[in-house]
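Protein chains: 2
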Amino acid sequence: MPQVKSRRGEYTEATRRALLDAAATLFTERGFARTSLDDVAAVARVTKGAIYHHFASKPGLFEVLFDELELTENGAARAAFEAEADPTVGALAALDQFLRACSEPVYGALVFREAPLALGWDAWRRCEEKYSYALLSDMLEALAAAGRIPPGGGEALPSIAFGMLGAAGQLLARTPAEDCERVRAECRAPFVALLAGLAASVPQD
Amino acid sequence: MPQVKSRRGEYTEATRRALLDAAATLFTERGFARTSLDDVAAVARVTKGAIYHHFASKPGLFEVLFDELELTENGAARAAFEAEADPTVGALAALDQFLRACSEPVYGALVFREAPLALGWDAWRRCEEKYSYALLSDMLEALAAAGRIPPGGGEALPSIAFGMLGAAGQLLARTPAEDCERVRAECRAPFVALLAGLAASVPQD
DNA sequence: GTCGGACACATACTCCGAGTATGTTCCTGA
DNA sequence: TCAGGAACATACTCGGAGTATGTGTCCGAC
């Protein structure tokens, strides 16, 4: 059980949080490329030195933010999947959870719009292999094991399905709040259709 | 009928081509962000002044390259689509043409991997609205008109389908040549399944 | 109680690359 | 033949990421 942190520790944690919050706000509003670290430091009422004390680099700062977001949001999606006994039902529940998360202003914008620009495709992919991509792979495996989709198929299906998630996330991230529910429903359809089409192509007996 | 170009005109066109070729090579190999304009100029055996004489900016140079590539490759895909009377057959023919183009080393890497990083999502989308995204929209419209997929559906389906194309393009762009044919076949499956699933959900009469 | 040291920053700097301003050469047309 | 513009080269500015170093403060050891 962790001891109560010292006064000092509380303060340093506070500036770390202030930096992360400032970065989250500015990266979502102006985008990663168009916000300087001096801007982030100014909003957090510190200087650039504080940033490089707490984080390795500008992409490093982004990655911490990324991990925080995925830890909670992707965790919720995984929980939604694992709560269902049927993998198809579970996958659709996780999809709904994911689409709702992307409707919230920060998650979709940072994780699916800014992350590839900030980290580059490869690093983004490596980061996602702990979260959304891993969950997607697990779900596809479970679906294949249950005979709901054809087995095998290589890396093309997970990659392309992940591209679908990214496109849906970005679409929702730029959708005004009053249209989110309708667009979420529209986004659901292609996934349902893909699952149905794959189910129809499962080899018999 | 255009007159034969002057000696001078030929030379300037030659440096323009050398710059575009150098940029295509370097952007493909090192990526847009990691190649400086001095590098491009050096490979073309000129200086940065020549670049800013012929092009507006670094993204501007990339966009010219982008247009050249899409003009030929997307034109071929559109031709493949329009050559078929049946929209489903045509769409799959265009898909095959697209997947072959992405197997070639430059097209997929520049248009689907580097372009979002170089231009940003919005500008990339605007550029693609003349080419791949336009073709995709036209194909979906034709499919809907023929009753092969449900009508309406908003912007979600084209956006998500475009995300699928991007993911497939990127996957093929990083696939070694000897595996390209197999991966292309694997990439085809999700699109076929999506079309089948959408066809099954068309409202009856 | 105090003193050394490490932590948590601030300040001041370097460095690289995009973009700009200006110079220079050569061709072209009047 | 000469004025002007095209096609570059050269030399600069400027912003932002990253680094090196300074400074105050707190904490534990003696």
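Protein chains in written order, with our numbering: chain W, 189 to 393; chain F, 189 to 393. From the three backbone atoms N, C-alpha and C, an ideal C-beta is built for every residue, glycine too.
Span separating the alpha-carbon of residue i from that of residue j
{"i": "A384(W)", "j": "A211(F)", "result": "44 Å"}
{"i": "Y350(W)", "j": "F243(F)", "result": "Note on residue identity: the sequence assigns Phe, not Tyr, to residue 350(W). One C-alpha to the other measures close to 36 Å."}
{"i": "L257(W)", "j": "A230(F)", "result": "43 Å"}
{"i": "G248(F)", "j": "G308(F)", "result": "12 Å"}
{"i": "F286(F)", "j": "Y319(F)", "result": "12 Å"}
{"i": "T276(F)", "j": "L331(F)", "result": "7 Å"}
{"i": "R205(F)", "j": "A282(F)", "result": "29 Å"}
{"i": "A365(F)", "j": "R370(W)", "result": "42 Å"}
{"i": "S396(W)", "j": "A273(F)", "result": "Since the first and last residues shown for chain W are 189 and 393, residue 396(W) lies out of range."}
{"i": "Y199(F)", "j": "T216(F)", "result": "26 Å"}
{"i": "T203(W)", "j": "R218(W)", "result": "22 Å"}
{"i": "P346(F)", "j": "E316(F)", "result": "12 Å"}
{"i": "R376(W)", "j": "D284(W)", "result": "8 Å"}
Chain-ordered neighbours of residue i on chain W, where CB pairs are closer than 9 Å
{"i": "Q358(F)", "result": "W309, S347, G351"}
When the options are compared against residue i, the one with the closest alpha-carbon
{"i": "D250(F)", "options": "A388(F), L287(F), G278(F), A221(F)", "result": "The sequence shown places Phe at residue 250(F), rather than the Asp named in the question. With distances taken between Cα atoms, F250(F) lies closest to A221(F)."}
{"i": "P339(W)", "options": "A232(W), S325(W), M352(W), A229(W)", "result": "S325(W)"}
{"i": "A232(W)", "options": "P275(W), E201(W), L323(W), D367(W)", "result": "E201(W)"}
{"i": "D255(F)", "options": "A273(F), L298(F), S224(F), E369(F)", "result": "L298(F)"}
{"i": "N262(W)", "options": "K246(W), E272(W), D274(W), C290(W)", "result": "C290(W)"}
{"i": "T235(W)", "options": "L280(W), A381(W), L207(W)", "result": "L207(W)"}
{"i": "V380(F)", "options": "L360(F), R336(F), R266(F)", "result": "R336(F)"}
{"i": "G357(F)", "options": "L253(F), R288(F), A271(F)", "result": "R288(F)"}
{"i": "L382(W)", "options": "C368(W), A265(W), K246(W), L280(W)", "result": "L280(W)"}
{"i": "A334(W)", "options": "V252(W), L386(W), D227(W)", "result": "L386(W)"}
{"i": "R266(F)", "options": "P378(F), K246(F), Q392(F), Y321(F)", "result": "Y321(F)"}
{"i": "P378(W)", "options": "E343(F), C368(F), V294(F), A355(F)", "result": "E343(F)"}
{"i": "L360(F)", "options": "F300(F), T213(F), E270(F)", "result": "F300(F)"}
Proximal chain F residues relative to residue i, where beta-carbon distance stays under 7 Å
{"i": "A355(W)", "result": "S347, I348, F350, G351"}
{"i": "A384(W)", "result": "G385, A388"}
Residue i - containing alpha helix (DSSP H), residue span
{"i": "K246(W)", "result": "246 to 270"}
{"i": "V371(W)", "result": "368 to 388"}
{"i": "Q358(W)", "result": "344 to 361"}
{"i": "L298(F)", "result": "Counting along the chain, L298(F) falls outside any alpha helix (DSSP H), and DSSP gives it neither H nor E."}
{"i": "V228(F)", "result": "225 to 231"}
{"i": "T276(F)", "result": "275 to 291"}
{"i": "P338(W)", "result": "No alpha helix (DSSP H) contains P338(W), which DSSP labels as neither H nor E."}
{"i": "Y319(W)", "result": "Unbroken run through Y319(W): none, as it is neither H nor E."}
{"i": "A238(W)", "result": "236 to 242"}
{"i": "E306(W)", "result": "Residue identity check: residue 306(W) is Ala in the sequence provided, not Glu. Note, A306(W): alpha helix (DSSP H), 303 to 307."}
Partner residues on chain W for residue i, Cβ-Cβ distance less than 7 Å
{"i": "S389(F)", "result": "A381"}
Cutoff 9 Å: residue i Cβ touching any chain W Cβ
{"i": "L331(F)", "result": "no"}
{"i": "P293(F)", "result": "no"}
{"i": "A397(F)", "result": "This structure does not reach residue 397(F), given that chain F is present from 189 up to 393, and the question cannot be answered."}
{"i": "L208(F)", "result": "no"}
{"i": "P190(F)", "result": "No answer about P190(F) holds up, because its pLDDT of 25 lies below 50 and its placement is not dependable."}
Contact set between residue i and chain F, taken where Cβ atoms lie within less than 8 Å
{"i": "A394(W)", "result": "Beyond the ends of chain W as shown, which are 189 and 393, falls residue 394(W); an answer cannot be given."}
{"i": "P304(W)", "result": "P304, L305"}
Below-9 Å beta-carbon distance, residue i vs any chain F residue
{"i": "R301(W)", "result": "yes"}
{"i": "G341(W)", "result": "yes"}
{"i": "A268(W)", "result": "no"}
{"i": "A365(W)", "result": "no"}
{"i": "P338(W)", "result": "yes"}
{"i": "G248(W)", "result": "no"}
{"i": "A265(W)", "result": "no"}
{"i": "A221(W)", "result": "yes"}
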